[in-house]
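A short worksheet on the structure shown next.
Protein chains in written order, with this note's numbering: chain A, 1 to 650; chain B, 1001 to 1083.
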């Protein structure tokens, strides 16, 4: 059955009236014919998976034909906003879901800024796109109605120029009544490490989203329309005020996120001896990139829709108005790490400039920094030579070289064509098989975080089991390094639902902490909450299940207890694993790069630390046990049957 | 006895460095001594965000009893995550 048959069958099952007053419709868009269909996510799905990432998985599960390939037009690209997105402070997020062309497993990428909230303001909770536009197109959603614009005038534009041109042409004002997701040249050229931009810096980054949207010849989706409040069964604003107070009263928000943003983490990672350096050959780097050195270039902070935190640092290199890349948004910690120590660059101005270029060219800075770092190490080892690189000398610590590589990659020119294939460079025949030994990836996805996890065992387990590949944002037990929590076993037990070893290097009970984090983060994504402000990511005192439960009741009328939400988080992971199983993922894929097993850490107090294969395997088995997974990492039969009954036929 | 304590910007009252000259033998004693120099520090340091690094080595557990010696440099490090 083709995608149109699958969509028809699914739409026939969907309610045609909202399940609660504020619910938006799911809009199915055949890009080839521009035919539109719609329905509403059924209540049984909302109570099993919520909305956002959770319901996105329902739609992917039902519409995926795994006999095809990720960039086939019958593989849908799905945008979804959380059940509280646009309604609750700091819940400005949405997910983009598909089959990842970069990794080959599920694509599921989260983004904030304004698009997820403004999509809801237009009465749309989920957007399911399939088919290929006959020519490059821009989809305009104006006050809930779809219009089409010729995309040809925008082809070749990167993010900065695209945002200027679209605002001029459509007459909207960013962040007031207009938002956009768009691909850049990199997306147009099928670059697997390109993302879908959702703002000046915001990006649906991971898994090859840009290549997927570009393959549909969809240059952009623009929303236009006024913001408004939502009809709800019970008032939600009084509780919003409590949530906002909780956010702003939390130390990590007050002292770090609102003042400097995430680059704060560079220093503790460096001091721990866990800063991924030169493609993780080393684990410490210069203090010249500490967050305090970014201060002189930070004119202010910005934020997402109705978020009181404002954690997004702006930058200005003071190079004058003629320098396109002299100012911008960021960098975040990930970009700082991936384009600083990971590439041997020790100059903060150079990192900021590369960050600004990546934001314009639409690159996932995690995959892009990792892909370049991988190439540099291969060159260092003689596994590739100038014969592979078109004569380029790939040396560490050369910002000019990196800048050149970024522009080459965006258009797949020369060696940029190799880099554009990201983790798949060996499979595509660019590199010899030996290169895989140095690829810092799991399930075909480069590591998101610059943190080297040979020391922190819960972090390591999380990276191994994350359903979208090697990514800390799915389950990182961030508080694993917080000494005050480690030294308070009773408090730590309450946080994670049972005892967890105080020692970051221990394997004991770490599966419990990963399980709890994976559940709450999946729920956070499905309600639309920012990861930075979700409990357990940066603080034990940020909003979590209890606050989500209360506000879901106010907004939807659904009574879902904190314990039920915990189960829903597990369900989201369970469905993702069912989809991954269809894509060939097995236990052997829940692993880590060989380097972390075979090469001990060489720096600092944790010199000699590595991942022990037997200990890791035992920890993985325990994780499967408490996660109700079989030995191959899919839900056990009884739970599988429950999930499949809720999801319907695939 | 002289122990140098480096403060992050959020805890500073002027200088980014304090010097403890009274005898302290552990981090717990150091925190008490800091409170005598800058009284609000005791309460402000009772916060899960703050870790201690001794001579550039970050402590992740067993902090209170970690030994301090003459000449040590102790840094208070805010620990958060990023994306």
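Even glycine gets a Cβ: it sits at the ideal position worked out from N, Cα and C. Fair warning: this is a prediction, and the values are worked out from it, not measured in the lab.
Closest residue to residue i among the options (Cα-Cα distance)
i: residue 54 of chain A; options: A:71, A:80, A:75 and A:239; result: A:80
i: residue 438 of chain A; options: A:599, A:237, A:68 and A:89; result: A:599
i: residue 73 of chain A; options: A:129, A:119 and A:19; result: A:129
i: residue 545 of chain A; options: A:529, A:565, A:533 and A:539; result: A:565
i: residue 281 of chain A; options: A:232, A:616 and A:596; result: A:596
i: residue 219 of chain A; options: A:236, A:232, A:195 and A:202; result: A:195
i: residue 569 of chain A; options: A:524, A:558 and A:66; result: A:524
i: residue 232 of chain A; options: A:574, A:586 and A:557; result: A:557
i: residue 627 of chain A; options: A:591, A:575 and A:605; result: A:575
i: residue 193 of chain A; options: A:56, A:408, A:83 and A:119; result: A:408
i: residue 42 of chain A; options: A:35, A:34, A:26 and A:30; result: A:26
i: residue 294 of chain A; options: A:279, A:261 and A:68; result: A:261
i: residue 300 of chain A; options: A:275, A:286, A:288 and A:330; result: A:330
i: residue 47 of chain A; options: A:436, A:527, A:584 and A:585; result: A:527
i: residue 1045 of chain B; options: B:1066, B:1027 and B:1023; result: B:1027
i: residue 118 of chain A; options: A:389, A:318 and A:198; result: A:198
i: residue 285 of chain A; options: A:71, A:297 and A:267; result: A:267
i: residue 184 of chain A; options: A:586, A:170, A:169 and A:209; result: A:209
Chain-ordered neighbours of residue i on chain B, where CB pairs are closer than 8 Å
i: residue 481 of chain A; result: 1051, 1058, 1060 and 1079
i: residue 603 of chain A; result: Under the 8 Å cutoff, chain B gives no residues; its nearest Cβ is about 11 Å from residue 603 of chain A.
Residue i versus residue j - alpha carbon distance
i: residue 431 of chain A; j: residue 6 of chain A; result: 39 Å
i: residue 254 of chain A; j: residue 496 of chain A; result: 24 Å
i: residue 637 of chain A; j: residue 91 of chain A; result: 34 Å
i: residue 1075 of chain B; j: residue 513 of chain A; result: 28 Å
i: residue 124 of chain A; j: residue 563 of chain A; result: 29 Å
i: residue 416 of chain A; j: residue 61 of chain A; result: 34 Å
i: residue 107 of chain A; j: residue 58 of chain A; result: 14 Å
i: residue 175 of chain A; j: residue 225 of chain A; result: 11 Å
i: residue 236 of chain A; j: residue 76 of chain A; result: 34 Å
i: residue 539 of chain A; j: residue 456 of chain A; result: 18 Å
i: residue 133 of chain A; j: residue 215 of chain A; result: 9 Å
i: residue 401 of chain A; j: residue 619 of chain A; result: 41 Å
i: residue 31 of chain A; j: residue 63 of chain A; result: 16 Å
i: residue 353 of chain A; j: residue 560 of chain A; result: 46 Å
i: residue 522 of chain A; j: residue 1048 of chain B; result: 24 Å
i: residue 1030 of chain B; j: residue 1008 of chain B; result: 16 Å
i: residue 248 of chain A; j: residue 492 of chain A; result: 23 Å
i: residue 138 of chain A; j: residue 420 of chain A; result: 24 Å
i: residue 425 of chain A; j: residue 541 of chain A; result: 43 Å
i: residue 279 of chain A; j: residue 344 of chain A; result: 9 Å
i: residue 482 of chain A; j: residue 1061 of chain B; result: 8 Å
Where residue i meets chain A, residues with beta-carbon distance less than 8 Å
i: residue 1064 of chain B; result: 487
Residue(s) in a DSSP beta bridge with residue i
i: residue 1053 of chain B; result: B:1058 and B:1075
i: residue 30 of chain A; result: A:35 and A:130
i: residue 107 of chain A; result: A:98
i: residue 282 of chain A; result: A:277
i: residue 302 of chain A; result: A:312
i: residue 547 of chain A; result: According to DSSP, which records beta bridges pairwise, residue 547 of chain A is partnered with nothing at all.
i: residue 616 of chain A; result: Partner(s): none; residue 616 of chain A has no beta bridge.
Residues that residue i contacts on chain A, provided the C-beta gap is smaller than 7 Å
i: residue 1047 of chain B; result: 251
i: residue 1010 of chain B; result: 255
Per-residue contacts from residue i into chain B (C-beta, under 9 Å)
i: residue 268 of chain A; result: 1051, 1053, 1058, 1077, 1078, 1079 and 1080
Neighbour flag for residue i against chain B, beta carbons, 9 Å
i: residue 292 of chain A; result: yes
i: residue 548 of chain A; result: no
i: residue 445 of chain A; result: no
i: residue 484 of chain A; result: yes
i: residue 259 of chain A; result: yes
i: residue 286 of chain A; result: no
i: residue 478 of chain A; result: yes
Interface partners of residue i on chain B, CB under 7 Å
i: residue 264 of chain A; result: 1078 and 1080
i: residue 503 of chain A; result: 1061
i: residue 324 of chain A; result: None at all; the shortest Cβ gap to chain B is about 25 Å.
i: residue 272 of chain A; result: 1058
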